[in-house]
Amino acid sequence: MLKFIKSFPFKLLFIFIPFFFISGCTQKVKNVNDTVRLAIQGSADIHKSRYEVTQLPYASTYVRIGNNNQLFMVLAFAETPTGKTITHSNKNNPPQLKWLASDNGMLITQSGRIIKTVNLSEGNLLTTHSTSPDPLSLGLHLATTPKQWQRTIDWQPGYHSGYQLDSVFVFDHAEVLTINGKSVPVLRFNENVLVKQLNKHYNNTFWIEQQTGKVVKSLQYIAPSLPRVEMTILKPFN
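Each residue of the sequence shown is one higher than the one before, starting from 1 at the first, in full-length UniProt numbering.
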């Protein structure tokens, strides 16, 4: 779970994020010290109304780490892999999206996949590397997209470096999700992951929009020995 969540029930938490000012897009920020409420008194899951989500000028997501309560997080930065801030998504060069919480806890995603985490109390995914494109970035809904993929990851605690993950993507079924009060037709894909060095298997699940192939919801493990994260994109970065 995120480092800032240290005890239950939750206390009232606020985050002051040094957002970049970006004009002409959904990430426009009028005040770099805008306050975003991330948690409420009590131990219940956080739920935002459709109006609240729409009114916020930031991309946003629900996040649940392990069996902990659901959080509401906002997008702090959208950057290229080289660290250059960008204002919109590019299919040929997917941005790295940095979802930030209080105490600098962070999830970094690319094409819907968690590729790095920072300041999580149970451990962190340090790097994700592959010599070939992630099928999520190509669009799993397309027949031409490869359904097998290899990557290496490093994570902590412990010295876990250069572990190879072999993935096979399998279409499960079509369904309709209700996200932020809207019906979203999706295709559900399971990612079967093998970690040969550990002789371990686990499964990730991705729900992608039928038309665009963008990930709108996912259940994915940070690393073989770290918790699973559920993410539901409420307002995407465009």
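Backbone N, C-alpha and C define an ideal beta-carbon position, used for all residues, glycine too.
- Secondary structure note for L75: it is in no alpha helix (DSSP H), and the uninterrupted beta strand (DSSP E) holding it is L71 to E79.
- Shortest Cα-Cα distance from Q96 to any of E79, L187, F171 and K200 involves E79.
- In this structure, DSSP gives L226 a state outside helix and strand, which the three-state scheme calls coil.
- Annotation for D166: Q150 and L194 place their beta carbon closer than 6 Å to its own, counting only its chain and skipping 5 residues before and after.
- By the beta-carbon neighbour count (other beta carbons within 10 angstroms, threshold 16), R64 is buried.
- Distance check between L198 and each of K116, Y163 and N68 places Y163 closest, using alpha-carbon atoms only.
- Within the stretch 78–150, the runs of alpha helix (DSSP H) at least 4 residues long that lie entirely inside it are, in chain order, 135–138.
- Under the three-state reduction of DSSP output, K196 falls in the helix class.
- Boundaries of the beta strand (DSSP E) harbouring T178: H160 to I179, taken from the DSSP string.
- Residues G213 of the same chain have their beta carbon placed closer than 8 Å to that of L142, with the five preceding and five following residues left out of the count.
- Burial is judged here by how many other beta carbons sit within 10 angstroms of a residue's own beta carbon; V215 has at least 16 and is buried.
- With contacts defined as CB atoms closer than 7 Å, N119 and G105 qualify as a contacting pair.
- Within the same chain, I115, K116, R151 and I153 come within 7 Å of T128 by CB-CB distance, once the 5 residues on both sides are set aside.
- Exclusion of the five residues before and after A174 leaves L187 as the residues of its chain whose Cβ lies within less than 6 Å of its Cβ.
- Of the candidates I208, T54, L75 and P236, I208 places its Cα closest to the Cα of G139.
- A straight line joining the alpha-carbon of D45 with that of F72 spans about 9 Å.
- Beta-bridge partners assigned by DSSP to K217: W207 and T232.
- Close CB contacts of K200 within its chain, under the 7 Å cut and outside five residues either way in sequence, are with P224 (chain order).
- Annotation for Y62: the continuous beta strand (DSSP E) segment containing it runs S60 to I65.
- For P157 and P236, the gap between their C-alpha atoms comes out near 31 Å.
- Under the DSSP definition of a beta bridge, S183 partners with T178.
- Nearest Cα to R113 within the set W155, L136 and Y51: L136.
- With contacts defined by Cβ atoms closer than 7 Å, N203 and S89 do not form a contacting pair.
- Here T152 carries a strand assignment [DSSP, helix/strand/coil].
- Comparing alpha-carbon positions, the option among L107, H160 and Q211 lying closest to T61 turns out to be L107.
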